[in-house]
Amino acid sequence: MNILFTPAKIGNLELQNRLVRSATAECMADDDGNPKPELENLYRQLAKGGVGLIITGHMYVHPSGQAHKGMTGIYKDDQIPSLKKLADAIHQEGGRVVVQINHGGMQCEEGTVADTIAPSHIEGLDLERPAREITLDEIDELIEAYGEAARRVKEAGFDGVQIHAAHGYLIGEFLSPLINHRTDQWGGDTNRRMQFLKNVSESVREKIGPTFPMLIKLGMMDGVDEGLSAAEGTEIVAELAGMSFDGIEISGGFGGGGSYNIKKGIRSEDREAYFLPLAEKARKATDLPIILVGGFRSLPVMERVLKDGQADFISMCRPLISEPDLPRRLREGVQIKSRCLSSNNCWPEENGDGIACKCPHDKVKSEPATS
Ligand SMILES: Cc1cc2nc3c(=O)[nH]c(=O)nc-3n(C[C@H](O)[C@H](O)[C@H](O)COP(=O)(O)O)c2cc1C
Ligand code: SF4
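Sequential numbering from 49 applies to the sequence shown in our numbering.
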């Protein structure tokens, strides 16, 4: 059997195969973050489509962290029943699901939060508006908020939690020397910039107990001048097992919709798996299961990365927007390649509000490619 479709574990989470749906902001929640019915439908489609693990789109842990309209919230207990419906729906279809928790930090869009926060005062950098420096009290409040959100993840019946530490959101901002200029205990060298992540992971672990799966999506490098380097990212990876993480998803890049982490124009196999060099560094620094995201499109590339031991799981976002049942199609040999054009026209800013997680090319596509 193809190695992609062999079972595997992350912590005590047993998965039927090694394909993961990477977190994808679905933009299917109301203004308070409550999921709309379309979100349950989408998750059912993904679970039926045979992906081994669904990672939800990022959910905001505190009202000050809503990154954009339509983002799902997990910041109050009232939200548990509607979240439970999502977990139940996925389980009914035989799927597994981990919730990604996040705070948008300096990237929260106008119209979502009154002002944006970051480790230090920041302006420019293509931000919509300057971000003010977060206070010490707010830091404590948000560490607690991450823990409380993770408790809700568990109470709602999901299979695990993933802490979002990539793409220039709040945790990524603390890790980045470009954004974190603090001179107190929350800033300084790599180790000190990691302190916020350490406290968040402790808070989460305390609330979920010792065995509930805790994953991280780590931006191992920012890919911008003066940002987090791959060497520093590797130092962080080496610390993750000690922070009691069960698995790591490797990404990179700065900025939610940035071209570095969501690369366009993946038209040939040599452009696929664009964070493989980071995975190779991570492999040497940790024994944790590695989930690799970024540009996977064809079965032979996925298979090769797993067989060579560069990663344990293959994670995809855009291909599963285009075809939520791609895993089933790959398994059944209907096709060996995603039909995704890597055009990024599914990004909400391109598409307009409310139609994220839909591929606008669907109507013009003919039958899926068979090679
Ligand atoms: C519409 C859209 C929404 C995304 N939302 C998230 C998100 O909520 N959390 C996250 O970690 N990454 C998010 N990403 C990034 C993807 O998870 C993934 O890292 C990136 O698209 C590269 O993988 P791909 O080539 O398989 O698309 C998003 C990407 C797209 C296109
Ligand atoms: S718009 Fe469609 S084809 Fe383009 S990247 Fe998104 S899913 Fe792929």
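All C-beta atoms, glycine included, are put in the ideal place defined by N, C-alpha and C. Please read all numbers here as calculations on a predicted model, not as lab measurements.
| field | Delimiting residues of the alpha helix (DSSP H) encompassing R331 | value | Going by DSSP, R331 is part of the alpha helix (DSSP H) stretching over 324 to 333.
| field | Exposed unless 16 or more other CB atoms sit within 10 angstroms - verdict on G155 | value | Looking at the sequence itself, residue 155 is Gln, so the reference to Gly does not match. Buried, because 16 or more other Cβ atoms sit within 10 Å of the Cβ of Q155.
| task | Measure the Cβ-Cβ separation of I128 and E203 and say whether it is below 8 Å. | result | Yes; because the gap between Cβ atoms is below 8 Å, this pair is in contact.
| Status (buried if at least 16 other CB within 10 Å, exposed otherwise) for E62 | Classification of E62: exposed, given that the 10 Å Cβ count is below 16.
| query | Would E181 pass as a contact of H169 if the rule is Cβ separation under 8 Å? | reply | With contacts defined by Cβ atoms closer than 8 Å, E181 and H169 form a contacting pair.
| From E196 to G342, what distance separates their C-alpha atoms? | Answer to the nearest angstrom: the Cα atoms are 30 Å apart.
| request: Taking the CB atoms as reference points, tell me whether G121 and M107 lie closer together than 8 Å. | output: Cβ distance < 8 Å, so G121 and M107 count as in contact.
| message | Please return the same chain residues whose Cβ sits closer than 6 Å to the Cβ of E415, not counting the five positions on each side in sequence. | response | With a pLDDT of only 43 at E415, under the threshold of 50, the placement of this residue in the model should not be trusted, and no figure is reported.
| message | Measuring alpha carbon to alpha carbon, tell me which residue in S70, P55, T160, G142 is nearest D80. | response | Looking only at S70, P55, T160, G142, the smallest Cα-Cα distance to D80 is reached by T160.
| Which of the three DSSP states, helix, strand or coil, is assigned to F53? | Three-state result, F53: helix.
| query | Which residues in the same chain have their Cβ closer than 6 Å to the Cβ of R377, if we skip the five residues on either side of it in sequence? | reply | Take R377, set aside five residues on each side of it, and the residues of its chain with a beta-carbon closer than 6 Å to its own are Q383, in chain order.
| task | Kindly provide the ranges of any beta strand (DSSP E) runs that are 3 or more residues long and lie completely inside the segment 64 to 111, ordered along the chain. | result | Counting only runs of 3 or more, we get 67 to 69, 101 to 103.
| field | Beta-carbon proximity check, F302 vs G216, cutoff 8 Å | value | A contact, by the Cβ cut-off of 8 Å.
| query | Are the segment 230 to 245 and the segment 322 to 335 in contact at 8 Å, needing three or more beta carbon pairs? | reply | Three or more Cβ pairs closer than 8 Å define a contact, and the segment 230 to 245 falls short of that threshold against the segment 322 to 335.
| Roughly how many whole angstroms lie between the Cα atoms of N393 and C405? | For N393 and C405, the gap between their C-alpha atoms comes out near 10 Å.
| task | Measure the Cβ-Cβ separation of L67 and V99 and say whether it is below 8 Å. | result | Yes, they are a contact pair.
| task | Quick one: grab the DSSP three-state call for I310. | result | In the structure shown, I310 sits in coil (DSSP, three-state: anything other than H, G, I, E or B).
| query | Taking the alpha carbon of L347 as the point to measure from, which residue in I338, I314, S370, S386 has its own alpha carbon closest? | reply | Nearest in C-alpha terms to L347, of all of I338, I314, S370, S386, is S386.
| query | According to the Cβ coordinates, are H143 and L94 closer than 8 Å? | reply | The question names His, but residue 143 in the sequence shown is Gly. Taking 8 Å as the Cβ cut-off, G143 and L94 qualify as a contacting pair.
| On the premise that P261 lies in contact with K105, defined as a C-beta separation below 8 Å, what is that separation, rounded to the nearest angstrom? | Here residue 105 is Gly; the residue named in the question, Lys, does not match the sequence. That pair is no contact at about 18 Å.
| query | Which class does D410 belong to by DSSP, given the choice of helix, strand or coil? | reply | DSSP places D410 within a helical segment (H, G or I) once states are collapsed to three.
| Reduced DSSP secondary structure (H/G/I, E/B, other) of E380 | Here E380 sits in coil by DSSP.
| task | Would you list the residues sitting across from S363 in a DSSP beta bridge? | result | Bridge partners of S363: V68, V341.
| As assigned by DSSP and simplified to three states, the class of E371 | Of the three classes helix, strand and coil, the one that applies to E371 here is coil, per DSSP.
| field | Inter-residue spacing [alpha-carbon to alpha-carbon] between A286 and T259 | value | Rounded to whole angstroms, A286 to T259 spans 21 Å at the Cα level.
| What first and last residue would you give for the beta strand (DSSP E) that runs through I227? | Here I227 belongs to no beta strand (DSSP E), and DSSP marks it neither H nor E.
| message | Considering only heavy atoms of ligand 1, does any lie closer than 7 Å to the CB of S346? | response | Remark: the C-beta of S346 is outside contact range of ligand 1, defined as less than 7 Å to any heavy atom.
| query | Under three-state DSSP, which class holds K265? | reply | It is a strand residue.
| Alpha carbon of W234 to alpha carbon of I165, nearest angstrom | C-alpha separation (whole angstroms): 15 Å.
| Span separating the alpha-carbon of R315 from that of S390 | A straight line joining the alpha-carbon of R315 with that of S390 spans about 8 Å.
| field | CB-CB length for E274 against P225, believed under 8 Å | value | Contact holds; Cβ gap of about 6 Å.
| query | Just to check, is the beta-carbon of C75 closer than 7 Å to a non-hydrogen atom of ligand 2? | reply | Flag unset: Cβ of C75 not near ligand 2.
| query | DSSP on E181, reduced to helix/strand/coil? | reply | Shown here, E181 sits in a strand according to DSSP, grouped into three states.
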